[in-house]
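Asks: Quick one: the structure is below, questions incoming.
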Amino acid sequence: MGNTLGLGLGVGLGLGLCAGAGAVMQQAAAPNMEHLKRNTEALVTKVVTSRHQNNTEDIDESSAEGLRDAMSYAKENPMLIQVPVLGTARKFWRLSDKATRISRKLALILWNYHKAGRYLTAPLKVSNVWIGSTGSVKLRGASFSPKGFISIERVRDDYKHLSKVLILLIKTSGGDIDNLPPDYWEFLMLLGRGTFTMKDEFFIVNHVALLPMENRTEVFLMLHDRIVNYLGRTDRAKKKKILCNLPYKDNWLDTARANEVINKGVVKVQNEYRRTPIDLLRLNRNVRCHMHQYNSNNIEETLYCEWPELLMVMENMLHLVGELVDTGIENKFG
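When you line the sequence shown up against our numbering, it's residues 0 to 333, in that order.
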């Protein structure tokens with residue numbers, strides 16, 4: 000795990016000198032070493048610059064054309080929205096896709112700087128955040144430390160302040176924090192808890208609560224394959240551990256039968272569903288793989304509304320057993 004990021008450049012010039020060249024090197028030692036020193040310094044400067052070029056685009060110190068301050072954006076764009084649950088008479092609160100995009104972009108900015116051994120020199124404030132009409136995000140007036148040693152405390156502090164900014168934006172947009180869906184609430188708690196390690200940053204910035212709704216099916220199938228098929232072949236102990244920790248053990252089948260739309264996939268199957276974790280995954284997989292049978296574009300949203308913690312727990316368990324990085328989930332956030 001470790002408490003610091005091992006991000007020193009470690010630029011070592013492996014000068015393999017053959018024995019026969021000893022006399023020549025002694026004669027030219029002074030001028031050659033001075034020349035070598037200058038070249039090495041130039042090389043280090045070049046490497047440092049190139050490694051930070053992909054991060055500076057996140058910091059906008061221009062006129063911010065096309066962007067607006069986060070507070071005014073939030074006042075005109077609800078981040079927490081209420082949607083009907085297909086197949087029921089209920090409604091469910093979830094984050095808008097723009098809200099999840101903004102949340103992930105801010106977390107990603109921090110992660111990119113942390114990987115470079117840098118952290119915010121002052122707490123992140125909502126006034127530092129500028130947002131575009133499509134949900135693009137830049138920071139203004141924020142300053143990151145020079146590259147160097149970074150402690151886990153500094154990393155945790157950056158995310159703690161990010162959680163406060165996100166909560167303020169949601170409230171400003173008219174959202175009630177008590178209505179946050181459980182996966183996004185867990186994401187905020189993770190940011191503010193201050194107990195994670197450097198290794199957990201990948202999990203933070205790729206948290207499923209930040210997924211666009213249209214990508215949740217693809218991610219479910221990806222994680223399902225990793226758990227059921229891959230681990231089923233390579234590590235059954237990990238598979239069993241994940242399945243034992245899935246939520247909705249006692250009532251998931253009742254929930255499925257109570258939903259008029261989802262129930263169509265329950266009654267029309269050759270292999271009857273049992274109240275087991277593996278069948279909970281099987282039902283969700285079958286519904287997603289046969290969406291055309293439901294004549295609705297909102298079936299993915301419906302599955303999320305009925306079991307909002309399922310994908311979150313699948314991801315969390317894969318992270319805990321060291322299998323999340325290899326799923327490729329970081330490519331599914333749009």
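C-beta atoms are modelled at their ideal positions from N, C-alpha and C, and glycine is treated no differently.
Please report how far the alpha carbon of Leu-109 lies from the alpha carbon of Asn-127, in whole angstroms.
Replies: Distance between the alpha carbons of Leu-109 and Asn-127 is about 13 Å.
Asks: CB-CB under 7 Å to Met-78, same chain, minus the five flanking residues each way: which ones, in chain order?
Replies: Closer than 7 Å at Cβ, skipping near neighbours: Leu-94, Ser-95, Ala-98, Leu-168, Ile-169, Ser-172 and Gly-174.
Asks: Helix, strand or coil for Trp-251 per DSSP?
Replies: Correct three-state label for Trp-251: helix.
Asks: Determine whether the beta carbon atoms of Val-286 and Ile-298 lie at a separation below 8 Å.
Replies: Contact: yes.
Asks: In whole angstroms, what is the alpha-carbon distance linking Val-320 and Ala-106?
Replies: If I take the Cα positions, the gap works out to 23 Å.
Asks: Measuring CB to CB, does Gly-193 end up less than 8 Å from Phe-148?
Replies: Against a cut-off of 8 Å, the Cβ pair of Phe-148 and Gly-193 comes out as no contact.
Asks: Is Pro-83 helix, strand or coil when you go by DSSP?
Replies: In the structure shown, Pro-83 sits in a strand (DSSP, three-state: E or B).
Asks: Can you find the residues in the same chain that come closer than 6 Å, C-beta to C-beta, to Glu-200, ignoring five residues on each side of it along the sequence?
Replies: Cβ neighbours of Glu-200 beyond the five flanking positions: Trp-110.
Asks: Could you check where the beta strand (DSSP E) with Trp-110 kicks off and where it finishes?
Replies: Counting along the chain, Trp-110 falls outside any beta strand (DSSP E), though it belongs to the alpha helix (DSSP H) covering 96-114.
Asks: If you reduce the DSSP assignment to three classes, tell me which class Val-207 lands in.
Replies: The answer is helix: DSSP assigns Val-207 an H, G or I state.
Asks: Would you mind stating whether Phe-91 and Cys-304 have Cβ atoms separated by less than 8 Å?
Replies: Contact: yes.
Asks: Taking contact to mean at least 3 C-beta pairs separated by less than 8 Å, is the segment 259-272 in contact with the segment 68-87?
Replies: Contact holds: three or more Cβ-Cβ distances are below 8 Å.
Asks: Can you list, in chain order, the residues of its chain whose CB lies under 6 Å from that of Gln-81, leaving out five sequence neighbours each side?
Replies: So the qualifying residues of the chain are Lys-90 and Trp-92.
Asks: Using only the alpha-carbon positions, how far apart do Glu-314 and Pro-246 sit?
Replies: Cα-Cα distance, rounded: 12 Å.
Asks: Quick one: any contact between the segment 178-185 and the segment 203-221, if contact means 3 or more CB pairs under 8 Å?
Replies: Enough Cβ pairs lie closer than 8 Å, so yes.
Asks: If you follow the beta strand (DSSP E) that Arg-67 is part of, which residue opens it and which one closes it?
Replies: Taken as a continuous stretch (DSSP letters only), the beta strand (DSSP E) holding Arg-67 covers 66-68.
Asks: Given Asp-325, which residues of its chain have a CB within under 8 Å of its CB, disregarding the five upstream and five downstream residues?
Replies: The residues are Arg-225.
Asks: Assuming the contact rule is C-beta atoms closer than 8 Å, Tyr-272 and Leu-252 should be a hit. Round their C-beta distance to whole Å, please.
Replies: That pair is a contact at about 6 Å.
Asks: With the cut-off set at 8 Å, would you say Leu-190 and Lys-159 are in Cβ contact?
Replies: Going by C-beta atoms, Leu-190 is nearer than 8 Å to Lys-159.
Asks: Going by the beta-carbon positions, is the gap between Phe-202 and Leu-323 smaller than 8 Å?
Replies: In contact: Phe-202 and Leu-323 (Cβ atoms closer than 8 Å).
Asks: So what's Ala-27 in DSSP terms, helix, strand or just coil?
Replies: Confidence at Ala-27 is low in this model, with a pLDDT of 37, below 50, so its placement is unreliable and no value can be given for it.
Asks: Tell me which residues share the same chain as Lys-238 and place their Cβ nearer than 8 Å to its Cβ, disregarding the 5 neighbours each side in the sequence.
Replies: Answer for Lys-238: Ile-226, Val-227, Leu-230 and Gly-231, listed in chain order.
Asks: By a C-beta neighbour count over all protein chains shown, 10 Å radius and 16 as the cutoff for buried, is Thr-133 buried or exposed?
Replies: Flag for Thr-133 reads exposed.
Asks: Looking at the unbroken beta strand (DSSP E) that takes in Gly-231, where does it start and where does it end?
Replies: No beta strand (DSSP E) holds Gly-231; the alpha helix (DSSP H) holding it covers 230-233.
Asks: Tell me which residues share the same chain as Ala-41 and place their Cβ nearer than 7 Å to its Cβ, disregarding the 5 neighbours each side in the sequence.
Replies: The predicted position of Ala-41 is uncertain, since its pLDDT is 43 and thus under 50; a value taken from the coordinates is nonetheless stated next. Cβ neighbours of Ala-41 beyond the five flanking positions: none.
Asks: Ends of the alpha helix (DSSP H) at Leu-190?
Replies: Element bounds for Leu-190: 181-192.
Asks: Report the rounded CA-to-CA distance for Gly-131 versus Leu-222, giving the unit in angstroms.
Replies: C-alpha separation (whole angstroms): 32 Å.
Asks: Quick check: Asn-214 and Gly-327, are their CB atoms within less than 8 Å of each other?
Replies: No, these two residues do not count as a Cβ contact at 8 Å.
Asks: The beta strand (DSSP E) with Gly-333 in it runs from where to where?
Replies: Per DSSP, Gly-333 belongs to no beta strand (DSSP E) and is neither H nor E.
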